[in-house]
Ligand SMILES: CC(C)(COP(=O)(O)OP(=O)(O)OC[C@H]1O[C@@H](n2cnc3c(N)ncnc32)[C@H](O)[C@@H]1OP(=O)(O)O)[C@@H](O)C(=O)NCCC(=O)NCCS
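Residue numbers (the UniProt record's numbering): 1 to 294.
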């Protein structure tokens with residue numbers, strides 16, 4: 001039997017301990033259970049913003065110990081909702097654990113067949129602060145539409161899989177507006193977002209310090225195509241690191257696709273360390289009309 005979670009299940013669903021149902025990041029109607037009589041055999045839980053009408057991602061697949069075929073049960077549970085991306089967290093080297101491979105097999109069986117590996121970087125207050133840029137100037141830009149235009153420029157030639165998918169589906173400007181809307185729902189104030197200029201006053205890119213429920217994060221670093229190859233990614237990342245550290249951050253986290261090699265190299269140069277891997281399984285891109293997910 002498949003059903004969504006009931007309030008009465010809250011304390012008795014193993015695998016959901018510590019999940020924030022009270023904040024509405026997780027919700028009973030976004031949590032599907034496979035049951036056998038009174039017994040809960042497996043669970044799939046989706047996560048979203050407290051004000052969101054739909055979840056953003058599937059992030060929990062749990063099976064009771066001894067479950068004979070978790071892959072099939074999970075695949076059936078995943079199919080109960082439209083195809084949102086599945087985010088699976090593991091440690092470097094943990095990609096081959098059965099815990100991971102079985103969950104990815106379930107996602108694949110449910111149509112989430114495209115896998116992107118995201119490196120999770122971390123800077124901690126024990127690490128030296130990177131040198132702050134002397135060749136760029138930074139300014140706030142309160143106009144969301146101006147920011148969207150800069151995001152759209154930066155998306156050209158991006159090596160980030162989600163950006164490329166979004167641009168293919170929505171076009172650069174609409175994808176940029178969607179991104180801005182998501183960043184505005186994050187915790188760090190909008191007025192900390194920065195636009196960067198070189199000494200001649202030409203636009204270089206943008207730097208968004210941000211925060212999520214886990215703490216301060218590098219929201220976004222982007223360099224416009226004509227300014228790439230000058231190492232400006234380091235200047236932008238250094239600025240974000242300084243701003244967050246000034247605000248009291250002792251840990252700063254950031255994700256980037258393994259395939260986004262210039263960005264990963266910049267994190268390494270600035271003293272960020274890989275602490276985890278995020279695997280993202282998505283449905284292959286579809287045109288806008290046919291798509292139900294985030
Ligand atoms: C990732 C990014 C910020 C790198 O900026 P940058 O300041 O050009 O980085 P670097 O100058 O250190 O680049 C190192 C090398 O990678 C190359 N490179 C940088 N971005 C590239 C891209 N998108 N595609 C192909 N090559 C790229 C540079 O030309 C340079 O090559 P070289 O060593 O032969 O000169 C920039 O590509 C970008 O804005 N991408 C889109 C947004 C993005 O992915 N942000 C990160 C999201 S987490």
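C-beta: ideal position from N, C-alpha, C; glycine also.
Bear in mind that the values here come from a model prediction, so they are computed numbers and not experimental data.
Run through DSSP, which three-state label would residue 4 get?
Locating residue 4 in the chain shown gives position 4, where the first residue counts as 1. Strand, per DSSP.
Alpha helix (DSSP H) runs contained entirely in the UniProt domain "N-acetyltransferase" (157-294), provided each spans 4 or more residues:
161-170, 172-184, 232-246, 261-269
6 angstroms Cβ shell around residue 156 - same chain, five flanking residues per side excluded:
Start at 1 with the first residue of the chain shown, and residue 156 comes out as number 156. The residues are 225.
Would you identify the three-state DSSP class for residue 107, choosing helix, strand or coil?
Mapped onto the chain shown, residue 107 falls at position 107. If DSSP states are grouped into helix, strand and coil, residue 107 belongs with the helices.
Can you tell me whether residue 85 is buried or exposed, with buried defined as 16 or more other CB within 10 angstroms of its CB?
Within the chain shown, the letter at position 85 stands for residue 85. The residue in question, residue 85, is buried, as its Cβ has 16 or more Cβ neighbours within 10 Å.
Residue range of the beta strand (DSSP E) that residue 89 falls in?
For this step, residue 89 is matched to residue 89 along the chain shown. First-last of the beta strand (DSSP E) with residue 89: 85-90.
Quick check on this structure: which residue in 154, 235, 162, 243 has the alpha carbon closest to the alpha carbon of residue 193?
Stepping through the chain shown from its first residue, residue 193 is reached at position 193. The shortest Cα separation from residue 193 among 154, 235, 162, 243 belongs to 243.
Residue closest to residue 139, alpha-carbon to alpha-carbon, out of 230, 96, 175, 206:
Counting from one through the chain shown, the residue named residue 139 turns up at place 139. Nearest C-alpha to residue 139: 206.
Should residue 284 be labelled buried (16 or more other beta-carbon atoms within 10 Å of its own) or exposed?
As a position in the chain shown, residue 284 is number 284, starting the count at 1. Label assigned to residue 284: exposed.
Can you name, in chain order, every residue of its own chain whose Cβ lies under 7 angstroms from the Cβ of residue 272, other than the five neighbours on each side?
Here residue 272 refers to the residue found at position 272 of the chain shown. For residue 272, where only same-chain residues beyond five positions count, the Cβ hits under 7 angstroms are 121, 122, 123, 254.
Rounding to the nearest angstrom, what Cα-Cα distance links residue 111 and residue 204 in this structure?
Position 111 of the chain shown, counted from the start, is the residue given in the question as residue 111. Position 204 of the chain shown, counted from the start, is the residue given in the question as residue 204. Cα-Cα distance, rounded: 39 angstroms.
At the level of alpha carbons, what is the spacing between residue 53 and residue 135?
Within the chain shown, the letter at position 53 stands for residue 53. Within the chain shown, the letter at position 135 stands for residue 135. Those two C-alpha atoms are separated by around 43 angstroms.
DSSP on residue 42, reduced to helix/strand/coil?
Locating residue 42 in the chain shown gives position 42, counting from the first residue. Strand.
Do you know how far the Cα of residue 208 is from the Cα of residue 147?
On the chain shown, residue 147 is found 147 positions in, with the first residue counted as 1. On the chain shown, residue 208 is found 208 positions in, with the first residue counted as 1. Looking at the two C-alpha atoms, the distance is approximately 11 angstroms.
Take residue 245 and list the residues in its own chain whose beta-carbon comes closer than 8 angstroms to its own, dropping the five residues that flank it on each side.
Here residue 245 corresponds to residue number 245 of the chain shown, with the count starting at 1. Excluding residues within five positions, the ones whose Cβ falls inside 8 angstroms are 125, 129, 252.
Residue closest to residue 39, alpha-carbon to alpha-carbon, out of 173, 202, 231, 3
By one-based count along the chain shown, residue 39 stands at place 39. Considering only alpha carbons, the answer is 3.
Check for me: the beta strand (DSSP E) holding residue 49 runs from which residue to which?
Position 49 of the chain shown, counting from 1, holds the residue named residue 49. That residue, residue 49, is in no beta strand (DSSP E); it is neither H nor E in DSSP.
Opposite residue 116 in the DSSP bridges: which residues?
Walking along the chain shown from the start, residue 116 turns up at place 116. Per DSSP, the beta bridge partners of residue 116 are 280.
Spatial neighbours of residue 291 within its chain, please: CB distance less than 6 angstroms, with the 5 preceding and 5 following residues excluded, ordered by chain position.
The residue given as residue 291 occupies position 291 in the chain shown. Because residue 291 sits at a pLDDT of 43, beneath the cut-off of 50, its placement in the model cannot be relied upon, and the point is left open.
What is the residue span of the alpha helix (DSSP H) that residue 74 lies within?
As a first step, residue 74 must be located in the chain shown, where it is residue number 74. Counting along the chain, the unbroken alpha helix (DSSP H) around residue 74 starts and ends at 70-78.
Just to check, is the beta-carbon of residue 25 closer than 7 angstroms to a non-hydrogen atom of ligand 1?
Numbered from 1 along the chain shown, position 25 holds the residue referred to as residue 25. Checking every heavy atom of ligand 1 against the Cβ of residue 25, none is found closer than 7 angstroms.
Got a sec? Which residues, its chain only, sit under 6 angstroms from residue 150 by beta carbon, not counting five neighbours each side?
One-based indexing of the chain shown puts residue 150 at position 150. Contacts found: 206.
Which two residues bound the contiguous alpha helix (DSSP H) that contains residue 152?
Looking up residue 152 in the chain shown gives position 152. First-last of the alpha helix (DSSP H) with residue 152: 144-155.
Using 8 angstroms as the Cβ pair cut-off and three pairs as the minimum, do the stretch 18-25 and the stretch 155-175 touch?
no
Rounded to whole angstroms, what is the Cα-Cα separation between residue 114 and residue 196?
For the purposes of this step, residue 114 is taken as residue 114 along the chain shown, with counting starting at 1. For the purposes of this step, residue 196 is taken as residue 196 along the chain shown, with counting starting at 1. Rounded to whole angstroms, residue 114 to residue 196 spans 34 angstroms at the Cα level.
On the DSSP bridge assignment, give the partners of residue 101 in chain order.
Locating residue 101 in the chain shown gives position 101, counting from the first residue. Looking at the DSSP output, residue 101 bridges to nothing.
Would you check if the distance between the CB atom of residue 10 and the CB atom of residue 45 is smaller than 8 angstroms?
Position 10 of the chain shown, counted from the first residue, corresponds to residue 10. Position 45 of the chain shown, counted from the first residue, corresponds to residue 45. Result no, Cβ atoms of residue 10 and residue 45 do not sit closer than 8 angstroms.
For the stretch 86-105 against the stretch 214-234, do three or more pairs of beta-carbon atoms, one drawn from each stretch, fall closer than 8 angstroms, so that the two count as touching?
no
Grab the span of the beta strand (DSSP E) containing residue 33 for me, first residue to last.
Stepping through the chain shown from its first residue, residue 33 is reached at position 33. Per DSSP, residue 33 belongs to the beta strand (DSSP E) from 31-36.
When the Cα atoms are used, what is the spatial distance from residue 278 to residue 41?
Looking up residue 278 in the chain shown gives position 278. Looking up residue 41 in the chain shown gives position 41. Cα to Cα, residue 278 sits roughly 25 angstroms from residue 41.
Please go through the same chain and pick out, in chain order, the residues whose beta-carbon is closer than 7 angstroms to the beta-carbon of residue 102, but skip the five residues on each side of it.
For the purposes of this step, residue 102 is taken as residue 102 along the chain shown, with counting starting at 1. Taken in chain order, the residues that qualify are 70, 71.
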